[in-house]
Each structure stands twice: as C-alpha cells, then as structure tokens.
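Residue numbers (my numbering): 167 to 460. Glycine included, C-beta positions come from ideal geometry on N, C-alpha and C.
So this is what it looks like as structure tokens:
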C-alpha cells in the first residue's frame, strides 16, 4: 500500500511535571538532565536518527527553557571560543542544527489528545510521529525506525506497544491485538486504563506513535473524559472505525523517566555505558554495592 514518507514529529511538552516537584516548579520536566543532557534532547536526537527533520514541540507556560536550549547562544559560544573549548562550541552549535524545530503553545492543559490536535495546522495532510518526552529510548533502539518502515509498507497508523503484567496494565491504554508477525499486530480495539480482569491483552500503549493525518478528524469527535481531558486513546478508537491501525511490539530499551525510579535507572545505566564516565562510574557502583551488602 505504502504512503508519503514520514519527516515530521510532534513532541507534546506542556505538562506540569508534578511528580518531580519541587525540581519542576521553575523548569520544565523535559529539561531535567539525564547524565548531562536534558531528557527532551534524547527524544529529538532519536527523531533525527529516524530521518525526521521537522519537529514541532507543543509547549505551555514556563517552557521558555526548551526554546532556549535548541537555539543559538552567541554569548556562550564566544565565551567557549575565547577559552579554546572547541569541542563544547561544536556541541552547543549542533543543538541549533539538529532539525527544523518549531514551537506552539497548547494554551489550556486539556490532555494528550488536545496537545496533538494543536499540531494540525503545522502537520497538514502529512503522516507524522508523536513522541512523548517522558519516554526516552536506548540509543541502540530501532523502534521508531521500525514503526516508520511499517507505516511505509501499510500506509496506516502504527502505535508502539509493550507487554506488562496484569497488575500494571490499568495504568496504560491497552489494545485488543491480532498477530501479524513476531513484532507487528493489527489493533482491533483499544481501551484506556482497563481493570486487569477486563483488559483485552497484556499489550500497553507506549509513548511512540506514527499517525496518518486522519487522526485529526478522529480527535475532533472526541468528547472530554476524566478530568476534562481529551484522550488520545479515544481518538485512536475512533480512527479504527475508518481505517486499520497497527501496533509495533517491543520490550527493551525504554525508560519511563516520568517515574522517579526509572529516571534514576536511566541516569545510572546511561552513565555506566559512557566511554568517558563508564569505567570510573562502574568502579564506584561496584564499591557502593559492596559496602551496602556487607
């Protein structure tokens, strides 16, 4: 079937980050560092690695730091140049050249579905990726590229899915799947946060989506749900009424840094793998654990 190539990404970043207060009182949760890069930079770099060159970040109040991070900072560049810190000059310039990055404000925090709908004017009639800033992927992950390839083959929306134990499934959107291959399923139905006993499967929706532009029409029909929010899950259910939707199943390489424990895990695992930090940091970890287990 096939479809237009996917070159646009939408990153909703208008949430208040209440789980990380007080750290997020004056800075966006997307700017919390994982080792030495803010979380959102990992997401943008993942998009670029998958061939995306046009990124729209949906922001809200007090999100100016996001825009500043991906902009040129001539004062900083001059300071670093004067001190012959050429590697760091290249690094900060590189941020402004990663992709064509745009910003639009959500206005009211009316949920993920509403945040995606705000991108309609920018996206137009093109397929696009939605990437949640709370989910960062291991640099070796090919999930996004695999999803884009599946879209290219079928010309239909593709949603990232992972297996979860029954007691955790009620925290996520959950799908009714029909197996196509080891990693691909066709989605027959989708429900938001089902009780374990009525969940249609153990496959939960993760923070990566490839959408056909028809998702915007589906979003128009969604009525506000719990807390007055427009649920993206409801729009996907509406989209299913008019066209097929697929799911890409993966189980490794994801960090849900909206959770404090996963945020810490991401920081430790990523630092331990770094060539510049890893050897010394791994020694520290071994020593730390050894002392605690005595």
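Scanning 171, 209, 333, 230 for the CA closest to the CA of residue 421 turns up 209. Minimum Cα-Cα distance from residue 370 among the listed residues 438, 304, 329, 361 corresponds to 329.
Looking at the backbone, the Cα of residue 367 and that of residue 286 are separated by about 31 Å. In this structure the stretch 383-391 does not touch the stretch 288-303; the number of beta carbon pairs closer than 8 Å is below three. Three or more beta-carbon pairs drawn from the stretch 331-341 and the stretch 350-367 are found closer than 8 Å, and the two stretches are therefore classed as touching. As for any alpha helix (DSSP H) of minimum length 4 sitting wholly inside the stretch 353-426, the runs are 381-386, 398-405, ordered along the chain.
Contact between the stretch 264-282 and the stretch 217-234 is present: 3 or more CB-CB pairs across the two stretches fall below 8 Å. Sequence-distant Cβ neighbours of residue 239 in its own chain, meaning closer than 8 Å and more than five residues away, are 258. Residue 292 and residue 313 have their C-alpha atoms spaced approximately 16 Å apart. Residue 444 carries a helical assignment under DSSP once its states are collapsed to helix, strand and coil.
Per the DSSP secondary-structure output, residue 294 pairs in a beta bridge with 377. Less than 8 Å separates the beta-carbon of residue 283 from that of residue 382. Assigned with DSSP and collapsed to three states, residue 200 falls in strand. The beta carbon of residue 195 sits closer than 7 Å to those of 181, 183, 186, all from its chain and outside the five residues before and after it, given in chain order. Residue 395 and residue 276 do touch by the CB rule: their CB atoms are close to 6 Å apart, below 8 Å. Annotation for residue 339: the continuous beta strand (DSSP E) segment containing it runs 339-345. Taking C-beta atoms as the reference points, residue 216 and residue 236 fail to come closer than 8 Å. The three-state secondary structure of residue 332, taken from DSSP, is helix.
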